[in-house]
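Only one structure is covered here, and it is reproduced in the block below.
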Amino acid sequence: MNESVLMLTLMAGIGLGTPLVFGTVGEILTERSGILNLGVQGMMIFGAVMGFWATFVTGNLWLGVLASLVAGAAMSLIHAFNSVTLRVSQIVSGLALTIFGTGVAVYIGKAGSDPLIGQPSKAVFEPILPEALSDIPIIGPLIFGHDAIIYLSWAMVAAASYYLFRTRPGLTLRAVGEDPASAEAAGINVSRVRYVHVMVGGALAGLGGAYFSLALVPSWQDNPIGQAGWISIALVILASWRPWRALWVAYIFGIAGRLNFTFQTLEINVPATLLNMLPFLLAIIAMIVLTSGKRARFLGAPAALGIPYFREER
Amino acid sequence: MSRRFIVEPRGLASWWLKLVIPIGSVLAAMVLGAAFLALTGNDWIEVYQKMADAAFGSGRGVAETLVSATPLILTGVAAAVAFKMLVWNIGGEGQLIFGAIMAAGVGIWLSESTPAVIAVVVVVAAGAVGGAFWASLSAVPKVYLGTNEIITTLMLNFIALNLMQYLVLGSSSPWRDPEATQFPQGRPIIENARIPEFFHRLDWGLFVAIGVAVAAWFVISKTRSGFEYRIVGNSFDTARYAGIRVPRKVLGTFLASGAAAGLAGSILVAGILGKMDPRSLDLGLGFTGIIVAALARLNPIAIIPVAVLMGALNNAGPSLQSIGVPDATVQILQGAILIFAVAGEFLILNRIRRPDPTAGEAKATAEAQTA
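Sequences listed follow chains A and B, in order.
234 is the number that the working numbering gives to position 209 of the first sequence; each next residue is one higher, with no gaps.
338 is the number that the working numbering gives to position 321 of the second sequence; each next residue is one higher, with no gaps.
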């Protein structure tokens with residue numbers, strides 16, 4: 026393989042993997058609290074449209090980022106209310122979020138006399154470090170050639186991992202996801218922990234969506250995010266609920282997403298549709314091989330995942 | 018410790034509550050939709066009138082509404098029979114698509130001279146077999162290895178979708194029409210395998226769908242097997258003590274659920290489409306079926322009118338573009354209906370009441386006495 030093709034593939038793979046990093050780590054934090062949110066796709070696409078809109082109106086990228094975080098968190102609040110306060114089916118509520126979020130995003134994109142659809146973004150995320158650094162062969166671009174959001178995603182992964190495994194609130198979070206009744210007995214407010222982490226997950230998914238509309242494909246289309254939300258849910262399993270692993274698997278799938286293009290330039294004929302199956306196929310195989318029976322605990326799935334917690338009424 | 022409200026599980030909800038909550042969900046979603054339309058500068062009354070007119074305003078409109086409702090009845094039944102037994106089959110989408118792949122495959126392979134009755138039955142049945150097979154990919158690992166079916170069914174949706182696109186758009190498989198050179202299309206199935214139409218584009222597939230819904234209701238509520246099924250749905254442990262073979266029951270339900278979704282695919286292929294058309298089969302019919310099942314509260318008979326309502330919404334979408342309103346309005350309404358329906362389940366399962374003041378006093382007196 027030609028070296029420049031390899032570099033292009035790796036760089037594009039990191040770009041395409043970045044929304045997946047946000048979506049996956051967000052869902053990891055949500056699921057660690059014991060709540061399954063299948064609405065990642067809906068929160069992501071809603072974040073994408075609101076981030077795009079805010080940047081479109083103000084010309085400021087960081088206001089777009091802020092809008093996408095708020096939008097994702099707001100959408101996830103519906104799920105938190107349904108699954109924590111009302112304790113109804115998390116599965117159906119998550120799917121509802123996806124359908125609703127997609128509808129709202131597509132609607133906003135088309136509404137009004139001068140709709141967003143087809144418009145290019147007013148500003149685009151671009152590499153921030155001096156170009157001289159990128160001239161270092163191979164590691165130059167791979168480490169220094171990225172935009173601010175990618176560096177932010179690395180910091181976020183490091184912070185999430187530290188938080189989860191090295192801090193008191195992280196321990197609390199894991200306790201709530203493993204055994205809410207014992208956590209409650211130890212004086213932890215289970216509902217609050219769950220609300221917070223569902224919303225953090227929503228905010229990160231929203232930001233992941235905005236990375237599509239403000240960096241990868243800086244314009245508005247009906248669905249700029251493809252199936253990234255669903256892929257994120259699959260990656261949570263492949264990452265076995267750990268943030269650093271999420272970063273690596275997201276990049277692997279980012280690169281896999283770019284392979285279509287790479288194969289075309291190398292004139293290797295592999296149908297795109299078959300490559301698109303890959304993340305889903307691998308997730309299923311991982312699921313069957315790694316999570317069946319007793320091995321599930323070893324892998325790290327939170328024991329109380331998806332189970333509504335009924336506090337004993339006194 | 019005083020509280021303003023007490024929430025407690027309700028035993029059996031009254032029938033009117035079970036009727037009021039779903040209707041209320043639809044109304045609440047319509048209010049939310051109206052607010053959304055008004056905020057974005059649209060006349061919501063005009064929009065709703067336009068939708069009602071497109072869905073029910075003419076014979077043709079009614080026919081199209083029922084055409085849209087047909088697959089939704091089946092994907093709704095698929096979701097309902099599984100969810101009732103706590104089998105979270107959210108793979109209706111993939112099972113529908115694989116059903117369509119099987120049906121189209123058989124419909125293309127059959128000889129042109131196959132008698133119509135046999136051809137239709139074989140093609141439609143192939144879809145059910147295909148759906149059950151696709152469900153088995155999740156069901157077998159669930160039953161024998163304990164693999165969580167939520168994720169596997171979900172992932173299999175996208176695998177089926179990409180497989181269908183590969184067969185028609187990405188390869189020169191038998192499913193692709195060799196004569197369509199401009200833009201890839203599905204190869205038409207034999208004429209004799211097409212389900213006859215009887216009212217505009219509406220075909221007899223509607224009655225197959227209704228028949229499946231009624232049969233599901235009958236089996237669940239009127240037979241011994243259905244009684245066991247309901248026990249398993251309430252508690253795996255109780256069922257085990259009662260000597261019911263739970264794994265077999267779960268497997269059977271899962272496969273039946275997949276078969277229903279697969280039927281939706283084959284009825285589309287043998288009915289209105291006449292071929293495997295990747296665009297017409299990628300409309301989220303499996304997910305909409307989950308909305309149908311939730312709003313019908315998993316009751317197979319109630320699924321029929323609810324599917325007609327959702328079919329009406331789907332059918333009305335395109336008409337909105339003529340008045341400059343995005344057709345995504347329909348998706349907003351459907352998503353909102355599902356959000357309200359799932360939240361409303363709380364009111365059916367629980368009772369909210371004021372605390373009984375005398376109970377508090379009695380306790381205080383008791384405590385005073387022990388002190």
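Where a beta carbon is used, it is the ideal one built from N, C-alpha and C, also for glycine.
**Beta-bridge partners of Glu214 (chain B), as assigned by DSSP** = As a working note, residue 214 (chain B) is residue 197 in the second sequence. According to DSSP, Glu214 (chain B) bridges with B:Asp220.
**Item:** Contact list for the segment 251 to 285 of chain A against chain B, Cβ threshold 8 Å
**Value:** Gln252, Trp255, Ile258, Ala259 and Ile262
**Prompt:** Given Thr127 (chain A), which residues of its chain have a CB within under 6 Å of its CB, disregarding the five upstream and five downstream residues?
**Reply:** By 1-based counting over the first sequence, the position of residue 127 (chain A) is 102. Only Gly67 and Ile70 meet the Cβ criterion.
**Prompt:** Which residue comes first and which comes last in the alpha helix (DSSP H) that contains Ile168 (chain A)?
**Reply:** Position 143 of the first sequence, counted from the first residue, corresponds to residue 168 (chain A). Where Ile168 (chain A) is concerned, there is no enclosing alpha helix (DSSP H), given that its DSSP letter is neither H nor E.
**Request:** Check whether the Cβ atoms of Gly340 (chain A) and Gly231 (chain A) sit closer than 8 Å, and answer yes or no.
**Result:** No information on residue 340 (chain A) is available, as it lies outside the stretch 26 to 339 that chain A covers here.
**Asked** What span of residues does the beta strand (DSSP E) with Arg368 (chain B) cover, start to end?
**Response** As a working note, residue 368 (chain B) is residue 351 in the second sequence. Per DSSP, Arg368 (chain B) belongs to the beta strand (DSSP E) from Asn367 to Arg370.
**Prompt:** Near Leu154 (chain B), which residues of its chain fall below 8 Å by C-beta distance, leaving aside the five closest residues on each side in sequence?
**Reply:** Residue 154 (chain B) sits at position 137 when you count from the first residue of the second sequence. Around Leu154 (chain B): Thr169 and Leu173.
**Asked** In terms of alpha-carbon separation, which member of B:Gly303, B:Phe271 and B:Val309 lies closest to Val146 (chain B)?
**Response** Along the second sequence, one-based indexing puts residue 146 (chain B) at 129. Of the listed residues, the one whose Cα sits closest to Val146 (chain B) is B:Phe271.
**Item:** 8 Å Cβ cutoff, Tyr334 (chain A) in contact with chain B
**Value:** For this step, residue 334 (chain A) is matched to residue 309 along the first sequence. No, its Cβ sits nowhere closer than 8 Å to a Cβ of chain B.
**Message:** Less than 8 Å between the beta carbons of Gly282 (chain B) and Leu298 (chain B), yes or no?
**Reply:** For the purposes of this step, residue 282 (chain B) is taken as residue 265 along the second sequence, with counting starting at 1. For the purposes of this step, residue 298 (chain B) is taken as residue 281 along the second sequence, with counting starting at 1. Contact: yes.
**Message:** I'd like to know whether the C-beta atoms of Val50 (chain A) and Ala259 (chain A) end up nearer to each other than 8 Å.
**Reply:** Within the first sequence, the letter at position 25 stands for residue 50 (chain A). Within the first sequence, the letter at position 234 stands for residue 259 (chain A). Going by C-beta atoms, Val50 (chain A) is not nearer than 8 Å to Ala259 (chain A).
**Prompt:** Cβ of Asn209 (chain B) less than 8 Å from any chain A Cβ?
**Reply:** Within the second sequence, numbered from 1, the residue matching residue 209 (chain B) stands at position 192. For Asn209 (chain B), the answer is no, since every Cβ of chain A falls outside 8 Å of its Cβ.
**7 Å Cβ cut-off: residues of chain A touching Ser188 (chain B)** = Here residue 188 (chain B) corresponds to residue number 171 of the second sequence, with the count starting at 1. Near Ser188 (chain B) (Cβ distances below 7 Å), the residues of chain A are Pro296.
**Message:** Within 8 Å of any Cβ in chain B, is that where the Cβ of Val215 (chain A) sits?
**Reply:** On the first sequence, position 190 is the one that residue 215 (chain A) refers to. Cβ-Cβ to chain B under 8 Å: no for Val215 (chain A).
**Prompt:** With a Cβ-Cβ cutoff of 8 Å, do Leu285 (chain B) and Val229 (chain B) count as a contact?
**Reply:** By 1-based counting over the second sequence, the position of residue 285 (chain B) is 268. By 1-based counting over the second sequence, the position of residue 229 (chain B) is 212. No, Cβ-Cβ distance for Leu285 (chain B) and Val229 (chain B) is not below 8 Å.
**Asked** Is there at least one Cβ from chain B nearer than 8 Å to Leu306 (chain A)'s Cβ?
**Response** Counted from its first residue, the first sequence places residue 306 (chain A) at position 281. Output row for Leu306 (chain A): interface = yes.
**DSSP state of Ser93 (chain A) mapped onto helix, strand, coil** = The sequence position of residue 93 (chain A) within the first sequence is 68, counting from 1. Three-state result, Ser93 (chain A): helix.
**Message:** Between B:Asp373, B:Met293 and B:Val140, which has its C-alpha nearest Ala177 (chain B)'s C-alpha?
**Reply:** Counting from one through the second sequence, the residue named residue 177 (chain B) turns up at place 160. The residue with the shortest Cα to Cα distance from Ala177 (chain B) is B:Met293.
**Request:** Answer yes or no: the CB of Ile38 (chain B) versus the heavy atoms of the ligand COA, is any distance below 7 Å?
**Result:** Judged by which ligands are present, the structure shown has none, so any question about the ligand COA falls away.
**Asked** Buried or exposed: which applies to Leu94 (chain A), given that a residue is buried once 16 or more other Cβ atoms fall within 10 Å of its Cβ?
**Response** On the first sequence, residue 94 (chain A) is found 69 positions in, with the first residue counted as 1. Buried, because 16 or more other Cβ atoms sit within 10 Å of the Cβ of Leu94 (chain A).
**Message:** Suppose you measure from the CA of Gly78 (chain B) to the CA of Leu337 (chain B); what does that come to, to the nearest Å?
**Reply:** Walking along the second sequence from the start, residue 78 (chain B) turns up at place 61. Walking along the second sequence from the start, residue 337 (chain B) turns up at place 320. Spanning the two alpha carbons is a distance of roughly 14 Å.
**Item:** Terminal residues of the alpha helix (DSSP H) in which Val123 (chain B) lies
**Value:** Mapped onto the second sequence, residue 123 (chain B) falls at position 106. That run of the alpha helix (DSSP H) goes Gly109 to Trp126.
**Message:** On the CB-based measure, 16 or more other CB atoms within 10 Å of its CB, does Met26 (chain A) come out buried or exposed?
**Reply:** Residue 26 (chain A) sits at position 1 when you count from the first residue of the first sequence. Low per-residue confidence applies at Met26 (chain A): pLDDT is 48, beneath 50, and the placement is therefore not dependable, though the value from the model is reported in the following sentence. By the neighbour-count rule (16 or more Cβ atoms within 10 Å), Met26 (chain A) is not buried but exposed.
**Assigned exposure category for Ala180 (chain A) - 16 Cβ within 10 Å defines buried** = Taking the first residue of the first sequence as position 1, residue 180 (chain A) is located at position 155. The residue in question, Ala180 (chain A), is exposed, as its Cβ has fewer than 16 Cβ neighbours within 10 Å.
**Request:** Mind checking the segment 112 to 131 of chain A against chain B and listing, in chain order, the residues whose C-beta falls within less than 9 Å of any C-beta there?
**Result:** Arg112, Val113, Ser114, Ile116, Val117, Ser118, Leu120, Ala121, Leu122, Thr123, Ile124, Phe125, Gly126, Thr127, Gly128, Val129, Ala130 and Val131
**Among A:Arg336, A:Leu303 and A:Asp247, nearest to Lys135 (chain A) - alpha-carbon criterion** = Walking along the first sequence from the start, residue 135 (chain A) turns up at place 110. For the residues A:Arg336, A:Leu303 and A:Asp247, the minimum Cα distance to Lys135 (chain A) belongs to A:Asp247.
**Asked** Does the segment 212 to 225 of chain A come close enough to the segment 300 to 313 of chain A that 3 or more CB-CB pairs lie under 8 Å?
**Response** no
**Asked** What do you reckon, are the CB atoms on Pro268 (chain A) and Leu177 (chain A) nearer than 8 Å?
**Response** Your numbering for residue 268 (chain A) matches position 243 in the first sequence. Your numbering for residue 177 (chain A) matches position 152 in the first sequence. No; because the gap between Cβ atoms is not below 8 Å, this pair is not in contact.
**Segment limits, beta strand (DSSP E) that includes Glu81 (chain B)** = For the purposes of this step, residue 81 (chain B) is identified with residue 64 of the second sequence, where counting begins at 1. First-last for Glu81 (chain B): Gly76 to Lys101, but that is the alpha helix (DSSP H), not the beta strand (DSSP E).
**Three-state secondary structure assigned by DSSP to Pro152 (chain A)** = On the first sequence, position 127 is the one that residue 152 (chain A) refers to. Pro152 (chain A) falls in the strand class under three-state DSSP.
**Request:** Identify the contact partners of Leu299 (chain A) in chain B, using a Cβ-Cβ distance below 8 Å as the criterion.
**Result:** Against the first sequence, residue 299 (chain A) aligns to sequence position 274. By Cβ distance, chain B contributes Asn179, Tyr183 and Gly187.
**Item:** Beta-carbon separation (whole angstroms), Ser108 (chain A) vs Ile60 (chain A), contact threshold 8 Å
**Value:** One-based indexing of the first sequence puts residue 108 (chain A) at position 83. One-based indexing of the first sequence puts residue 60 (chain A) at position 35. 5 Å between Cβ atoms; contact.
**Request:** Report back the beta-carbon spacing between Arg141 (chain A) and Phe77 (chain A) to the nearest angstrom; my notes put them in contact at under 8 Å.
**Result:** Stepping through the first sequence from its first residue, residue 141 (chain A) is reached at position 116. Stepping through the first sequence from its first residue, residue 77 (chain A) is reached at position 52. First, the amino acid is wrong: residue 141 (chain A) is Leu here, not Arg. Indeed, because the Cβ distance is near 7 Å, the residues count as touching under 8 Å.
**Item:** When B:Pro372, B:Ala360 and B:Arg370 are compared against Gly41 (chain B), the one with the closest alpha-carbon
**Value:** Within the second sequence, the letter at position 24 stands for residue 41 (chain B). Cα-wise, what sits closest to Gly41 (chain B) is B:Ala360.
**Request:** With Glu25 (chain B) as the anchor, note down where its alpha helix (DSSP H) starts and where it stops.
**Result:** Here residue 25 (chain B) corresponds to residue number 8 of the second sequence, with the count starting at 1. Element bounds for Glu25 (chain B): not the alpha helix (DSSP H) but the beta strand (DSSP E), Ile23 to Pro26.
**Item:** Close-in-space but distant-in-sequence residues of the same chain around Met312 (chain A) (CB under 7 Å, 5 per side omitted)
**Value:** Translated into positions along the first sequence, residue 312 (chain A) becomes position 287. Only Ile262 meet the Cβ criterion.
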